[in-house]
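Trainee: My questions will all concern the structure given below.
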Amino acid sequence: MSPAPYRGRFAPSPTGPLHAGSLLAALGSWLLARHAHGEWLLRIEDLDPPREMPGAARAQLELLEIMGFSSDLPVLWQHTRSAAYAAALDTLLARGLAFECHCSRADLAATGGIHRHCVARRRRPDPAVRLRVPGDCIVTFDDGLQGPQRQHVGHEVGDFVLRRADGLWAYQLAVVVDDAAQGITDVVRGADLLDSTPRQILLQRALDLPTPRYLHLPLLLDAHGQKLSKSDGADALMPATALPALRAAWRQLGQAPYPLDHAERPLQALQAAAEHFDPTLLPRSTGLYAAAHNSHAAGAP
Ligand code: GLU
Numbered sequence: 041m042s043p044a045p046y047r048g049r050f051a052p053s054p055t056g057p058l059h060a061g062s063l064l065a066a067l068g069s070w071l072l073a074r075h076a077h078g079e080w081l082l083r084i085e086d087l088d089p090p091r092e093m094p095g096a097a098r099a100q101l102e103l104l105e106i107m108g109f110s111s112d113l114p115v116l117w118q119h120t121r122s123a124a125y126a127a128a129l130d131t132l133l134a135r136g137l138a139f140e141c142h143c144s145r146a147d148l149a150a151t152g153g154i155h156r157h158c159v160a161r162r163r164r165p166d167p168a169v170r171l172r173v174p175g176d177c178i179v180t181f182d183d184g185l186q187g188p189q190r191q192h193v194g195h196e197v198g199d200f201v202l203r204r205a206d207g208l209w210a211y212q213l214a215v216v217v218d219d220a221a222q223g224i225t226d227v228v229r230g231a232d233l234l235d236s237t238p239r240q241i242l243l244q245r246a247l248d249l250p251t252p253r254y255l256h257l258p259l260l261l262d263a264h265g266q267k268l269s270k271s272d273g274a275d276a277l278m279p280a281t282a283l284p285a286l287r288a289a290w291r292q293l294g295q296a297p298y299p300l301d302h303a304e305r306p307l308q309a310l311q312a313a314a315e316h317f318d319p320t321l322l323p324r325s326t327g328l329y330a331a332a333h334n335s336h337a338a339g340a341p
């Protein structure tokens with residue numbers, strides 16, 4: 041029997057320039073795909089114009105290209121995907137698995153923003169749409185790096201938004217529709233999305249879509265233990281610093297530094313990384329301090 045095909049992806053939101061944390065996810069997902077002789081795709085998650093920075097998507101793609109990360113298929117832009125998200129939403133509504141919700145943030149303040157049933161004091165012209173999550177819903181999955189995971193989605197998350205009251209598509213719906221449409225078998229990304237995964241698995245089940253394998257890499261943390269964030273402009277990567285940034289990301293992935301020592305250009309570094317990558321060395325933590333030369337594991341953030 042031939043081995044299952046492997047298709048990975050990197051899916052940045054264009055909310056700012058790529059930084060060391062984004063590079064860790066890009067490099068980790070690319071190396072795991074190459075190691076499995078699989079494909080690797082790029083997707084621009086441009087779903088939320090108010091949070092986006094003009095020109096950021098193009099700049100991200102240019103920088104990835106300079107580093108040698110090129111998509112094996114044309115880049116998918118989420119702003120072109122509304123019809124697919126609308127079709128998925130219609131399916132969920134028709135199956136009675138999703139519902140229109142008139143609750144405002146203020147209405148849900150008493151339950152910490154968690155929606156368990158509608159408590160709206162008035163109807164709004166632009167209701168959100170939520171997935172119905174039974175109160176006793178628990179989702180478990182096995183993360184490729186972080187091990188067995190369990191979330192009581194009914195208690196911790198509640199009925200979650202699929203289309204926002206402002207008409208924008210929620211990340212959870214779009215990511216599930218697009219991972220399936222692109223045939224992604226392996227989602228490799230930062231550990232900040234570990235707790236989104238059960239919601240994505242619930243949506244896959246509700247839409248009869250396959251569940252990919254998941255592997256969550258450690259998040260890079262600043263000196264205060266906070267996640268580096270694109271929208272803060274944290275340590276923006278630039279072409280001139282691409283090579284040292286790749287070397288730092290390689291070490292942060294637990295790999296022995298020497299194979300990249302002699303690379304003179306990012307492309308050579310990436311080639312050497314593909315040849316020497318050992319997935320068994322990936323750090324099994326959810327957070328790493330980002331200090332470039334002496335990253336070490338932190339406790340769970
Ligand atoms: N677009 C998300 C981000 O930039 C990543 C989503 C994902 O990998 O599922 O953080």
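According to the working numbering, the stretch in the sequence shown is residues 41 to 341, in order. For every residue, glycine included, the Cβ atom is placed at its ideal position computed from N, Cα and C.
(1) Could you spell out where the beta strand (DSSP E) holding T180 opens and where it closes?
(2) With DSSP run on the structure shown, which of helix, strand or coil describes Y298?
(3) What three-state label does DSSP hand A332 in the structure shown?
(4) Helix, strand or coil, according to DSSP, for R190 in the structure here?
(5) Could you check if V159 belongs to the surroundings of the ligand GLU, using beta carbon to heavy atom distance under 8 Å?
(6) Is it right to say E79 is buried, meaning 16 or more other beta carbons lie within 10 angstroms of its own, or is it exposed?
(7) Quick one: grab the DSSP three-state call for R49.
(8) I'd like the span of the alpha helix (DSSP H) that includes H316, first residue to last.
(9) Exposed or buried, V201, counting other C-beta atoms within 10 Å across all chains shown (16 or more means buried)?
(10) Report yes or no: do the segment 51-68 and the segment 276-287 share at least 3 C-beta pairs separated by less than 8 Å?
(11) Can you pull the DSSP bridge partners for K270?
(12) Give a yes or no on contact between the segment 99-106 and the segment 127-135, applying the rule of three or more CB pairs nearer than 8 Å.
(13) Helix or strand or just coil, what does DSSP make of L352?
(14) The ligand GLU and G48: does any heavy atom of the ligand fall closer than 8 Å to the residue's C-beta?
(15) Should L233 be counted as a contact of the ligand GLU given a C-beta to heavy atom distance under 8 Å?
(16) Quick check on DSSP: helix, strand or coil for R156?
(17) Answer yes if the segment 212-219 comes into contact with the segment 183-192, meaning at least three C-beta pairs across the two stretches below 8 Å, and no otherwise.
(18) Is A51 close to the ligand GLU? I mean its beta-carbon at under 8 Å from any heavy atom of the ligand.
(19) I'd like the ranges of any beta strand (DSSP E) spanning at least 3 consecutive residues and lying wholly in the segment 203-272.
(20) Does the Cβ-Cβ distance between W290 and A263 come in under 9 Å?
(21) Between which two residues does the beta strand (DSSP E) holding A168 run?
(22) With a threshold of 7 Å on Cβ separation, who are the neighbours of S335 within its own chain once the five nearest residues in sequence on each side are excluded?
(23) Could you tell me the alpha carbon to alpha carbon distance between D226 and P167, rounded to whole angstroms?
(24) L122: buried (16+ other C-beta within 10 angstroms of its C-beta) or exposed?
(25) Closer than 8 Å: is that where the CB of R229 sits relative to any heavy atom of the ligand GLU?
(26) Does the distance between the C-beta of T151 and the nearest non-hydrogen atom of the ligand GLU fall short of 8 Å?
(27) Tell me, please, which residues DSSP counts as bridged to W80.
(28) Measure the C-alpha to C-alpha separation of A338 and H256 and round it to an integer number of angstroms.
(29) Classify L243: buried if its beta carbon has 16 or more other beta carbons within 10 angstroms, exposed otherwise.
Mentor: According to the structure data:
(1) One-based indexing of the sequence shown puts residue 180 at position 140. That run of the beta strand (DSSP E) goes I178 to D183.
(2) Your numbering for residue 298 matches position 258 in the sequence shown. If DSSP states are grouped into helix, strand and coil, Y298 belongs with the helices.
(3) Stepping through the sequence shown from its first residue, residue 332 is reached at position 292. Its pLDDT being 45, under 50, A332 is placed unreliably by the model, and nothing is read from it.
(4) On the sequence shown, residue 190 is found 150 positions in, with the first residue counted as 1. Strand at R190.
(5) Looking up residue 159 in the sequence shown gives position 119. It does not: the Cβ of V159 is nowhere closer than 8 Å to a heavy atom of the ligand GLU.
(6) The sequence position of residue 79 within the sequence shown is 39, counting from 1. Label assigned to E79: buried.
(7) For this step, residue 49 is matched to residue 9 along the sequence shown. It is a strand residue.
(8) The count along the sequence shown starts at 1 and reaches residue 316 at position 276. From DSSP, the alpha helix (DSSP H) with H316 extends over P306 to H316.
(9) For this step, residue 201 is matched to residue 161 along the sequence shown. Counting Cβ neighbours within 10 Å, V201 comes out buried, since at least 16 surround it.
(10) yes
(11) The residue given as residue 270 occupies position 230 in the sequence shown. Answer by DSSP bridge pairing: none, since K270 is not bridged.
(12) no
(13) The structure shown has nothing for residue 352, since the chain only spans 41 to 341.
(14) Counted from its first residue, the sequence shown places residue 48 at position 8. The answer is no for G48.
(15) For the purposes of this step, residue 233 is taken as residue 193 along the sequence shown, with counting starting at 1. Under cutoff, so the answer is yes.
(16) Working through the sequence shown from its first residue, we reach residue 156 at position 116. R156 falls in the coil class under three-state DSSP.
(17) no
(18) Within the sequence shown, the letter at position 11 stands for residue 51. A51 Cβ: within cutoff of the ligand GLU.
(19) 226-230, 253-257 and 259-261
(20) Residue numbering aside, residue 290 sits at position 250 when the sequence shown is read from its first letter. Residue numbering aside, residue 263 sits at position 223 when the sequence shown is read from its first letter. No; because the gap between Cβ atoms is not below 9 Å, this pair is not in contact.
(21) Taking the sequence shown and counting its residues from 1, the one referred to as residue 168 is at position 128. Element bounds for A168: A168 to L171.
(22) As a first step, residue 335 is located in the sequence shown; it is residue number 295 there, counting from the start. The predicted model places S335 with a pLDDT of 41, which falls under 50 and marks its position as unreliable, so this point remains unresolved.
(23) Here residue 226 refers to the residue found at position 186 of the sequence shown. Here residue 167 refers to the residue found at position 127 of the sequence shown. One C-alpha to the other measures close to 34 Å.
(24) As a working mapping, residue 122 is identified with position 82 in the sequence shown. Correcting the residue identity first, residue 122 is Ser in this sequence and not Leu. So S122 ends up on the exposed side.
(25) Locating residue 229 in the sequence shown gives position 189, counting from the first residue. Indeed, a heavy atom of the ligand GLU lies less than 8 Å from the Cβ.
(26) Translated into positions along the sequence shown, residue 151 becomes position 111. Every heavy atom of the ligand GLU is 8 Å or more from the Cβ of T151, so no.
(27) The sequence position of residue 80 within the sequence shown is 40, counting from 1. Partner(s): G48.
(28) Translated into the one-based positions of the sequence shown, residue 338 becomes position 298. Translated into the one-based positions of the sequence shown, residue 256 becomes position 216. Below a pLDDT of 50, predicted positions are generally treated as unreliable, and A338, at 46, falls in that range; the measurement from the model is reported next regardless. Roughly 15 Å separates the two Cα atoms.
(29) Position 203 of the sequence shown holds residue 243. Per the 10 Å Cβ criterion, buried.
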